[in-house]
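Working notes, beginning with the structure itself.
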Amino acid sequence: MSSEFSRRDFLRYSGATGAAAFIAATLSACSGGPASTGSVGAGSNKDLITAVIGYGNDQSWDPTQTASAFAMAGINHVYEGLLDTDPITREPYPALATALPSDVSATSWKFTLREGATWHDGKPVTADDVVFTFERILDPEANVLVGNFFRSWLREVKKIDDRNVELVFAFPFPDAAPRLTIAKIMPKHVFGQAGAWDQAKSGKAVGSGPYKLAAHNPKSNTSFEAYAAYNGPRPARVKQMNWLTIVDAAARVAKISGGSAEAQIADNIPYANVEQLKQQGLTVEGGRGMNHMFLMFNTAAKPFDDVRVRQALHYAIDRQKMIDVALKGHGTASSSFLNEGHPDHKPASVVYDYDPEKAKALLKEAGVTGLTVNLMAVNVSWIADCLPTIASSWEAVGIKTTLEPQDTAALFTKMDQFQDYQVVAAASNPNQFGMDADLIMRYNFVAGGLWMKYAHYDGSDDAKALFALMDEATKEPDKTKKTAAVHKYLDMIAEQAVLYPVVHTELMTAWDPKKLSGIRAQAYPGITLLQAKRT
């Protein structure tokens, strides 16, 4: 599979509803599981949790490649890493491994695999599977999506014997413990076969986790069954789960509303429906994190090659109006690429407070008059709600604006074909992969990365300087010095405004507390039901 396709899936993870490519192949539904529409016994069957996911289930299910919100949430129930992290606290815990590393500053970590761990086809999990998985992640030819999170610090993974492996680092990297949750271990005997990675992309999943995939119907639903032989730390607490994919906001809310509601939990709740659902007795809670709307500029198209123009378009946006009107107060104007609740957050050297006069001055300084902008955007509901504020803000400083919201797959297919464009607005949330600043920034800003190619920024001197700063920060062992280095390159990213957040938002999850327990709202797309049960 080409790196071009794999990185298109990055867009799905981020809270966008579309992806750059649709999955053509499907898995046939297994008999005996939940009905393909999810409509049988959904409300009364206490052996079944029915969930509504506000993102598509029709993108890659390959854990090394996908960024799909739906697929990643499902994968966390089907696969395990050597270590996994709690979905809310993000603290690492042993999953396929038997213990956490004893010395996180060491350059060699050894792990013993859990005795009796088996794949969903009954075969044992071995060190060969671990080596197989990491060889793919580190392979520059495969160039898989999650490789960006490992190749800078992980040199190799070696088999000691059938149940023991060694990870060899290029330098001490204490953040590796939570990072390992991204590397879901996959069975070599399944995915080492010819054509198997394409099957994984299309929905084939064979893991060692508490749930196994029962049926996968793209654009409809994905169902799961408890894996009886699972002997790990977080066993399934219900026999079946059926996850419905409903991108339309009104239809999603309807599935969880009223006395005959079919589902017990839904994510991506529109802000306008929060109070309505609370009045019906549902619990509705939010999580604040990196979820954000960003603007990406085509720096190869004039006048967007001029940093003053990019900055002007940011200064012109009335962010507070956007937060009040479109987000119903569930947002924060970006003062850095990192959200304000992040441990490494610090206001950047340039903060784009609403300043239309400064925007006009920058445009004049750049010699730009009569500018017309076509803003392409993903059709995620909350993004669409924000677009009118951008258009009115830009019009107010003399920029004629055309809005072009569209399915994310369609938009990023154009990006992949490198069709000409001016500005793109889309959603992103790298917190689904992890929390540390190095990981978050390498989600978008990496040499050779497709995001940088989309922006035509990759080969510029500024980009090369940025990537060098990021590499220095990654290798810095001292936490204080590392944080200072992170702030230095965050300032550069803010000043350049090539790909930069406008607002950070809160993600809302609703559930029926009379029918579900063990639920915690998370600050990134999707849901986690590993500790949930029917009541």
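Residues 1 to 535 in UniProt numbering are what the sequence shown lists, from first letter to last. Even glycine gets a Cβ: it sits at the ideal position worked out from N, Cα and C. All values derive from a computational prediction rather than experimental measurement.
**OP:** Specify the secondary structure class of Phe467 as computed by DSSP and reduced to three states.
**Re:** helix
**OP:** Please specify which runs of the beta strand (DSSP E), each continuous and at least 3 residues long, are wholly inside the region 157 to 210, giving them in chain order.
**Re:** 164 to 169
**OP:** Rank Thr528, Gly448, Ala170 and Ser105 by C-alpha distance to the C-alpha of Glu141 and give the top, closest one.
**Re:** Gly448
Subject >> alpha helix (DSSP H) segments (min. 4 residues) lying fully within the region 427 to 499 >> reply: 437 to 444, 450 to 454, 461 to 475 and 479 to 496
**OP:** Consult DSSP for residue 536 and reduce its assignment to one of helix, strand or coil.
**Re:** The structure shown does not extend to residue 536, since the chain spans only 1 to 535, so no value can be given for it.
**OP:** Kindly list the residues whose CB is nearer than 6 Å to the CB of Ile246, restricted to its own chain and excluding five residues on each side of it in sequence; keep chain order.
**Re:** Val52 and Arg252
**OP:** Name the residue from Lys360, Gly459, Ala316 and Gly434 whose alpha carbon lies nearest to the alpha carbon of Ala391.
**Re:** Ala316
Original post:
So Lys184 packs on Asp128, CB below 8 Å; how close in whole Å?
Top reply: That belief does not hold up - the Cβ atoms of Lys184 and Asp128 are roughly 16 Å apart, past 8 Å.
**OP:** Could you tell me which residues DSSP puts in a beta bridge with Asp84?
**Re:** Tyr93
Original post:
By the 10 Å Cβ neighbour count, where 16 or more other Cβ atoms means buried, how is Gln522 classified, buried or exposed?
Top reply: buried
Original post:
With a cut-off of 8 Å, do at least 3 Cβ pairs link the region 377 to 387 to the region 417 to 430?
Top reply: yes
Original post:
Do Val350 and Glu495 come within 7 Å of each other at the CB atom, strictly closer than that value?
Top reply: yes
Original post:
Considering only residues of the region 390 to 432, which uninterrupted beta strand (DSSP E) runs meet the minimum length of 3 residues and lie entirely inside it, listed in chain order?
Top reply: 400 to 406 and 423 to 428
Original post:
Which residues share a DSSP beta bridge with Thr245?
Top reply: Ile53
Subject >> Close-in-space but distant-in-sequence residues of the same chain around Val486 (CB under 6 Å, 5 per side omitted) >> reply: Asp344, Ala437 and Ala473
Original post:
So what does DSSP say about Ala228, is it helix, strand or coil?
Top reply: coil
Subject >> Spatial neighbours of Lys482 in its chain, beta-carbon cut-off 7 Å, leaving aside the 5 residues before and after >> reply: Ala473 and Glu476
**OP:** Specify the secondary structure class of Lys360 as computed by DSSP and reduced to three states.
**Re:** helix
Subject >> Sequence-distant residues of its chain with Cβ nearer than 8 Å to Asn164 (five each side left out) >> reply: Lys110, Phe111, Thr112, Leu113 and Ala127
Original post:
Would you say the region 489 to 508 touches the region 288 to 305, given that touching needs at least three Cβ pairs under 8 Å?
Top reply: yes
Original post:
Is the Cβ-Cβ distance between Ile137 and Val131 less than 7 Å?
Top reply: no
Original post:
Helix, strand or coil: how does DSSP classify Arg234 here?
Top reply: coil
**OP:** Return helix, strand or coil for Glu135, following the three-state DSSP convention.
**Re:** helix
**OP:** Pick out whichever of Gly203, Met241, Ser220 and Ala194 has its Cα sitting closest to the Cα of Tyr211.
**Re:** Met241
Original post:
Going along the chain, which residues of its own chain have a beta-carbon closer than 6 Å to the beta-carbon of Lys453, five neighbours each way excluded?
Top reply: none
Subject >> Which listed residue (Ala214, Lys515, Pro233 and Ala312) has its alpha carbon closest to that of Ala99 >> reply: Pro233
Original post:
Roughly how many angstroms lie between the CA atoms of Leu363 and Leu371, to the nearest whole one?
Top reply: 9 Å
Subject >> Three CB pairs or more closer than 8 Å across the region 204 to 220 and the region 51 to 66 >> reply: yes
**OP:** Could you pull the start and end residues of the beta strand (DSSP E) that His292 belongs to?
**Re:** Thr283 to Phe297
**OP:** Mind checking which residues open and close the beta strand (DSSP E) that includes Phe111?
**Re:** Ser108 to Thr112
Original post:
Since Ala312 and Ala359 are thought to touch, with beta carbons under 8 Å apart, how far apart are those beta carbons, to the nearest angstrom?
Top reply: 4 Å
Original post:
Which same chain residues, not among the five before or five after Leu48, have their C-beta less than 6 Å away from its C-beta?
Top reply: Gln240
**OP:** Could you tell me the boundaries of the beta strand (DSSP E) in which Ala333 lies?
**Re:** Gly331 to Ala333
**OP:** Report the rounded CA-to-CA distance for Leu529 versus Gly518, giving the unit in angstroms.
**Re:** 8 Å
Subject >> Those residues which DSSP pairs with Arg534 across a bridge >> reply: Leu516
Original post:
With C-beta atoms as the reference, is Met376 less than 7 Å away from Tyr443?
Top reply: no
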